[in-house]
Amino acid sequence: MATPPPLGNGTPEVTTPATETLKYGDLAIQQAATEPFEKWPNATDNAYTIHLEHPEFTALCPRSGYPDFGTIVVDYQPQDWIVELKAFKLYINAFRNQHISHEMVTNEIADRLWQELAPVGLRVIGDFTRRGGVKTVITVSKGDCALFAPYTANSL
């Protein structure tokens, strides 16, 4: 079987048996959903907070199938490990075609980060765009969250 021609960045497309062509980004997102996070050793014993925001979160409403939009905010105090940022971004992007509620996705993200990073403290906030005039903000906290600054929801 011949190798497909490379895309503009030199990465070949991947063709599935159903002749559907996956772009290199699609493949990276699929892998991020199932493989462990790439992570780095924490290089210091200092107590500090890492604050991550992913303002382009999308998933599908499990009831209607309509898209939901929001910002995922993660604060954590690392112990031994730090998540690699591209791995985090790709993992969050993996929810874009999933039918999942605001509550479940926020808890799922928190559970995975807690399991894989084992931080001292973790807070995951799902700050979702209004639907039908209703604003939803879900907060999941695990461990010692004393270092985390108060969160102010966006006004969208």
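With the numbering used here applied, the sequence shown corresponds to residues -1 to 154, in that order.
By construction, the Cβ of each residue, glycine as well, lies at the ideal position given by its N, Cα and C atoms.
If we count the other Cβ atoms within 10 Å of its Cβ and call it buried at 16 or more, is residue i buried or exposed?
i	result
Y74	buried
R121	buried
D66	buried
L111	buried
D125	buried
G119	buried
T32	exposed
L115	buried
Could you name the residues that DSSP lists as bridge partners for residue i?
i	result
W38	I80
K140	L120
D43	Paired residue(s): none; D43 is not in a bridge.
Where does the unbroken beta strand (DSSP E) through residue i begin, and where does it stop?
i	result
H97	It is not in any beta strand (DSSP E) - H97 carries neither H nor E in the DSSP assignment.
L57	Looking at the sequence provided, one finds Ala at residue 57 rather than Leu. Note, A57: beta strand (DSSP E), 48 to 58.
G130	Counting along the chain, G130 falls outside any beta strand (DSSP E), and DSSP gives it neither H nor E.
Y22	Premise fails: Y22 lies in the alpha helix (DSSP H), 22 to 32, not in any beta strand (DSSP E).
F67	65 to 75
Spatial neighbours of residue i within its chain, please: CB distance less than 7 Å, with the 5 preceding and 5 following residues excluded, ordered by chain position.
i	result
A30	A85, L88, Y89, A92
A107	The sequence as given places Ile at residue 107; Ala does not occur at that position. Hits under 7 Å: I70, V122.
S153	none
V103	A57, F93, G124
Once the 5 residues before and after residue i are set aside, which same chain residues still bring their CB inside 6 Å of it?
i	result
M(-1)	Because M(-1) sits at a pLDDT of 46, beneath the cut-off of 50, its placement in the model cannot be relied upon, and the point is left open.
I27	L88, N91, A92
Y149	I123
Who are the Cβ neighbours of residue i in its own chain at under 8 Å, not counting the five residues just before and after it?
i	result
H97	A57, L58, C59, P60, G63
7 Å is my cut-off, CB to CB: does residue i come that close to chain D?
i	result
I107	No chain D is present in this structure, which holds just one protein chain.
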